[in-house]
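Asker: Pasting a structure here, questions to come.
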Amino acid sequence: MREVRKFLSIFFGLSQWNHISRFGFIGLPLFIALGGLISLFSAVDIKPTSAAGTTHFVTVDGDGACTDIDPCDLQTAVSNATINDEIHVAAGTYTASAGSPLLLINKTITLTGGYDKNDWEATPDPQNNRTILDGQNNVQVVRIEGTVSPTVEGFEIYNGKAGQGAGIFIEEGNPLIRNNHIYDNDGSQSGGAGAGIFDRGSAIIENNIIHDNFSAVVGGGIFVDNSLTSGFTTISFNEIYSNTANPANSSSLGGGIYLESNSQALIEGNHIHKNRANSGAGFGTIGNNITATLLLNNMFYENEADAGDGLGGGIFAWGIVNIWNNTIAGNSAHNGGGIFAAGGATVQISNTIVVSNTGSNLTGIRNAGATISGDFNNIFGNSSNPTFTTTISTNPNFINFDTFNLHLRKDSPNIDKGDPNTPASINIDIDGQARPNPDNPDPTRVDIGADEFYDSTPAFILTPDPNSDSFVNRGETDIYTHTLENTGTVNDDYTITCDNDRPLWTVTCPTTATLNSGFSTGITTSVSVPASASGLAIGKSYITVTSVTSPTISKTIIMETTVAPRPGITFTPNFTDTLLPGDAVTFTHRITNTGDSPDTFSITIDPEPNSWAEILPSGPYSLPLNIGASVNVQVKVTVPDHAESGWGKTAVIRATSDFDPQISATVLNTVTAKATVGTRYVAVGGDNDNNNCTQANNPCETIARGVDQALSGDEVRIHSGIYQEKNIFINKDIYLSGGWQSSFRSQTGPDGTIIEQIGSINDKTRFFEISSGTKPTIYNLTLDGGFDGQGGAILINNSSEIELTSLILKNNGAGFGGAIYAEPNTLVTISNTHFLTNTATTLQGGALYIDGGTVNMQHSSFINNEATVQDGGALYLKNNTSLSSINNLFHNNRAGGDGGAIFADSGMIDVIHNTYVSNETGASGTGGAVYNNTANLNIDSSIIVSNTANSYAGVYVHDGSATATINYSDLWNNNTTPDTNVTDYTNNISADPLFMDDQFHLGLGSPAIDTGNPDSTQREDFEYDLRPSDQGYDMGYDELPGCLAKRDGEIFGSIQLAVDKPDA
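Residue numbers (my numbering): 4 to 1067.
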């Protein structure tokens, strides 16, 4: 054991550190070759501690009593162990379930990996018996809780995920973490720290390889915060490289190692290189002057703090930082490529090489307000702003700076040039060699830098080909090139041997190599696999290099060559089905491993936008299968509620060999949506794409789409808004309604939903065409600006029945039937609908042209419509049309020919409680309100006033064979005398009806009040006011409201009717 107390007290004056000592260096050989994982595990043997308790035995598949013949699983062994017990862990990959750490340690025990489960007595060999603790990028790997002192050694700790200590988390205590390989752990979560190791206690972290760990903020490799436990952390003789504290985070610090405020640590003999952070890429500490760090005998190289402010590529120092005998070379940062000393820090730099660091501002050492002391440094090839009394400013002459072999050459100016008063406790270098070298010219002085020069010292690194653990096809040979580098201070020869543990396999390699100091060469090795080898068989090839100068120095690479399997898959069957929207079906497929080796198959669904399919359980997922094994794969397909009829999707389910992604098989699941009954929804800004319009929260965009998707009996609800659509073909019995609001739960009036056409006549056509034989309803819309040859807004084909309710049809035009054209044998029901400013441009029917059929019309108005050239300014009735017109208004309509409001060619015409005001024919026209050719005409209880024609400005009957009657009506102020040539003319008056407004309501005193037909059967007027009111029925479409009477729960507009009620 080396004594450290005196040295630490010199620098920190902290008596509580008296217990600190370094472990693991007594009896180490004088020369240690440095290198990768192989070199690490070779340099320090892992040997079980003398048993002070029970030994427990663990295997990957263990579930027994934790004995050597009946092993258990890892966590069970820990749970069963008591203080000072040992746990021997056999080779294999150990994993954990989500939500808990893979390994929880809460007692003082020793866990050692690298055992062979077939020979528990053999020395553990982590290189040959890889013992992997795999967090699967899902859980923390090792968690140490409580004031305990466990030992964890001989493991590969990787793929952990946690905000703190994804690889190893140390809550407190004094654990020993040694001879492990800690890599690829993820602390990318918000506030992530110490992805490799997070220490809150007094851990001893030695002889580990720690690399490629990532933290979101601080301590990519190691994070130390022992401020609350008054602890002291020792980090010694590790290789710490390619770790990252996210450089994109401006607060990131300590890519390799981070020391938190008020914490204490000894960092000695480490290779710290290729780490990245915003600041302190190699090492960073932050805090006040209580933070205390001793950096001793470390090599910092190729660390980068090039993002953001970029402070300290090698070291960021804040607090008390003592830097003795370090080599800081080839690092980069925007500020202080080698060292950045922050304001308020106390930094001593002695016996240290700062060389060839880069950046944009003081590339060697930048003092930003710290108190800096020290001396006897070699500063070369970079700029610095602190000055020292004794500084070597020449090239340090490393063995090979290009490969970052930073050991000193024999001609280095740093040999024997260290501080003469260097504390005696600095007595070994980064390689464990004694300081000072007693064979140097001045055996009393140490060398400057992390390395103590020893002349004629053999040492080498043997680095495996990164592809050496690979698959090889049967009957083929693969070639690998390993790298041999002479890192010693003497030229050397080497003997090389190679062998394989499988008798029919062949491995070749050169037998010798010669290298000068600092040089390297490739060792080309071939491995031949016989054609008879089994898939996934593993052959271990041993490549051993031995120094001729010192035969005790020998390194071995173990290559694991795996025979490439011949994967195969069958995946059946395909399925086809049709479903209603909203329904789901589960298909069961069968996958079989037809390859010659066990394989794992990834099950995925080929990417497709808005796929209907999902793998059960939720995929993607993997299935391990032995040779010939089969398993079911279930896929659920759900047709979305909005799927249109006939829309189908084919899901491609793919099974892919994990070994060879080129080997895959697929099954197809084709599902087509059936037509579905239900209300359809349309709104401006909706989506037509593959949409059946049945979802109020996902409406279609166009009315045409809603109509197309609807089935007979469905309702199509159109949200308020303006739609520019045309040529909507209705060929089913649907209910089409507009004015919807509030997620289609309430309605406004017909002016809420407007269907319009803009532009020139050549760009226009009608809005709706009603197919023969259908019975649709159109409700609560405005149709504005349609134009066509016939029926500018609506064309009603023969033998159809249509209800038009609460519509506004305006500004439409056609050659005939400016708004509507109905073919023969149609039934048209019009209620509460308003025809405004529609035009027949060349023929008849400014608003309606009915070519034979039946029209029932009530509560509607025809205003400002025109047949520009011919007859029927509002209506043209042809071919024996039957018209029932009740409670309607005709005002200011005009015909270029006859019939300013209505032209009836033939048929049956009943006009009851209508009002005709200011309608007009052409200059030679007849029948300013109504022209009847041969129809049977009955006009009852109507007002026909102020109409204009060349003759018979009220009503004209052309053919004396027609039956025409006018009863209980008011014909007044029409511009010709007589008003009509109808001879069946009884109970009529000719008087000013005294309208009270421009909507032609009757005012008090009107002669039309109570003078209508007393036998009328109508019970309401155009506004749904009760008829009769008071003593009789009023003429025209309006009933002047009077007193109401209620009898037996029924409301009457006339007291007399209430009195005369039958059965009263």
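Note that CB positions come from ideal geometry on N, CA and C, so glycine has one too.
For clarity, every value in this text was computed on a predicted model and none was experimentally measured.
Could you please give me the residues that DSSP links to T232 through a beta bridge?
Answerer: Partner(s): none; T232 has no beta bridge.
Asker: Provide the residue span of the beta strand (DSSP E) that contains I83, from first to last.
Answerer: With the sequence shown as reference, residue 83 is identified as Asn, and Ile is not the correct amino acid for it. Run containing N83: none in the beta strand (DSSP E); it sits in the alpha helix (DSSP H), 77-83.
Asker: Rounding to the nearest angstrom, what Cα-Cα distance links Y261 and N140 in this structure?
Answerer: Their backbone Cα atoms lie some 23 Å apart in a straight line.
Asker: Relative to the C-alpha of N398, which candidate in T330, S660, Q351 has its C-alpha closest?
Answerer: Nearest option by C-alpha distance: T330.
Asker: Exposed or buried, A632, counting other C-beta atoms within 10 Å across all chains shown (16 or more means buried)?
Answerer: Looking at its Cβ environment, which holds fewer than 16 other Cβ atoms inside 10 Å, A632 is exposed.
Asker: Can you tell which of V81, A345, N828 has the C-alpha that lies nearest to the C-alpha of I853?
Answerer: Of the candidates V81, A345, N828, the one whose C-alpha sits nearest the C-alpha of I853 is N828.
Asker: So, does the segment 750-758 touch the segment 721-733, judging by three or more C-beta pairs under 8 Å?
Answerer: Flag = yes, the segment 750-758 and the segment 721-733 touch.
Asker: Which same chain residues end up closer than 6 Å to T573 when comparing Cβ atoms and leaving out the 5 residues on each side of it in sequence?
Answerer: Hits under 6 Å: T595, T597.
Asker: Beta-carbon within less than 6 Å of L846's beta-carbon, same chain only, minus the 5 sequence neighbours each way: which residues are those?
Answerer: Excluding positions up to five away in sequence, the list reads G818, F819, Q873.
Asker: Check F770 in the structure and name its three-state DSSP category.
Answerer: It is coil, neither helix nor strand.
Asker: With distances taken between CB atoms, is the gap from S471 to Y457 smaller than 8 Å?
Answerer: Not in contact: S471 and Y457 (Cβ atoms no closer than 8 Å).
Asker: Can you check which of these residues, N939, N977, S944, D943, is closest to G930 by C-alpha distance?
Answerer: Among N939, N977, S944, D943, the Cα nearest to that of G930 is on N977.
Asker: Which same chain residues end up closer than 7 Å to N417 when comparing Cβ atoms and leaving out the 5 residues on each side of it in sequence?
Answerer: Correct list, in chain order: I356, N381, I395, P399, L411, D450, I451, G452.
Asker: Whole angstroms are fine: how far does the CA of G138 sit from the CA of T406?
Answerer: Cα to Cα, the separation comes out at about 34 Å.
Asker: G204 and T232 - do their beta-carbons sit closer together than 8 Å?
Answerer: Cβ atoms of T232 and G204: closer than 8 Å.
Asker: For E704, which residues in the same chain have their Cβ closer than 8 Å to its Cβ, ignoring the five residues on either side in sequence?
Answerer: These residues qualify, in order along the chain: V685, A686, V687, G688, G689, D690, N691.
Asker: Under three-state DSSP, which class holds I72?
Answerer: Residue state, collapsed to three classes: coil.
Asker: Starting from V710, follow the alpha helix (DSSP H) in both directions and report where the run begins and ends.
Answerer: Residues 706-712.
Asker: Tell me the residue span of the beta strand (DSSP E) that contains N596.
Answerer: Per DSSP, N596 belongs to the beta strand (DSSP E) from 587-596.
Asker: Between which two residues does the beta strand (DSSP E) carrying Q130 extend?
Answerer: Where Q130 is concerned, there is no enclosing beta strand (DSSP E), given that its DSSP letter is neither H nor E.
Asker: Taking the continuous beta strand (DSSP E) assigned at I1069, which residues delimit it?
Answerer: Any answer about residue 1069 is impossible in this case: the structure gives the chain only from 4 up to 1067.
Asker: Does the count of Cβ pairs from the segment 493-505 and the segment 549-559 closer than 8 Å reach three?
Answerer: Segments in contact, yes.
Asker: Please identify the residue among A877, D504, P513, V532 whose C-alpha is closest to the C-alpha of R543.
Answerer: According to the sequence displayed, residue 543 carries Lys and not Arg. Checking every option, the nearest Cα to that of K543 belongs to D504.
Asker: N183 by DSSP, collapsed to three states: which one?
Answerer: Of the three classes helix, strand and coil, the one that applies to N183 here is coil, per DSSP.
Asker: Inspect the beta-carbon positions of E156 and N182 and report whether they are closer than 8 Å.
Answerer: Taking 8 Å as the Cβ cut-off, E156 and N182 qualify as a contacting pair.
Asker: Put N765 into one of helix, strand or coil per three-state DSSP.
Answerer: It is helical.
Asker: Can you say whether E869 is buried or exposed, counting buried as having 16 or more other CB atoms within 10 angstroms of its CB?
Answerer: With 16 or more other Cβ atoms within 10 Å, it is buried.
Asker: Using DSSP with H/G/I as helix, E/B as strand and the rest coil, what is T840?
Answerer: In the structure shown, T840 sits in coil (DSSP, three-state: anything other than H, G, I, E or B).
Asker: By DSSP's criteria, W123 is part of a beta bridge. Which residues make up the other side?
Answerer: DSSP, once it has assigned bridges, lists no residue as partnering W123.
Asker: State the start and end residues of the unbroken beta strand (DSSP E) segment that holds M999.
Answerer: That residue, M999, is in no beta strand (DSSP E); it is neither H nor E in DSSP.
Asker: Looking only at its own chain, which residues have a Cβ that is under 8 Å from the Cβ of N629, when we skip the five neighbours before and after it?
Answerer: For N629, where only same-chain residues beyond five positions count, the Cβ hits under 8 Å are N596, P601.
Asker: Would you mind listing the beta strand (DSSP E) stretches within the segment 309-349 that are 3+ residues and don't spill past its ends, in chain order?
Answerer: The segment 309-349 contains these whole beta strand (DSSP E) runs: 318-320, 323-327, 330-332, 342-344.
Asker: Could you work out which residue in T547, E563, Y959, D766 is closest to L1085 when comparing CA atoms only?
Answerer: The question about residue 1085 has no answer, for the chain in this structure spans 4 to 1067.
Asker: What whole-angstrom Cβ distance do I889 and Q861 have, given they're in contact under 8 Å?
Answerer: Contact holds; Cβ gap of about 4 Å.
Asker: Starting from the Cα of V144, find the closest Cα among N132, P127, G102, N121 and give me that residue.
Answerer: If we check each option's Cα against that of V144, G102 comes out closest.
Asker: Put F404 into one of helix, strand or coil per three-state DSSP.
Answerer: Helix.
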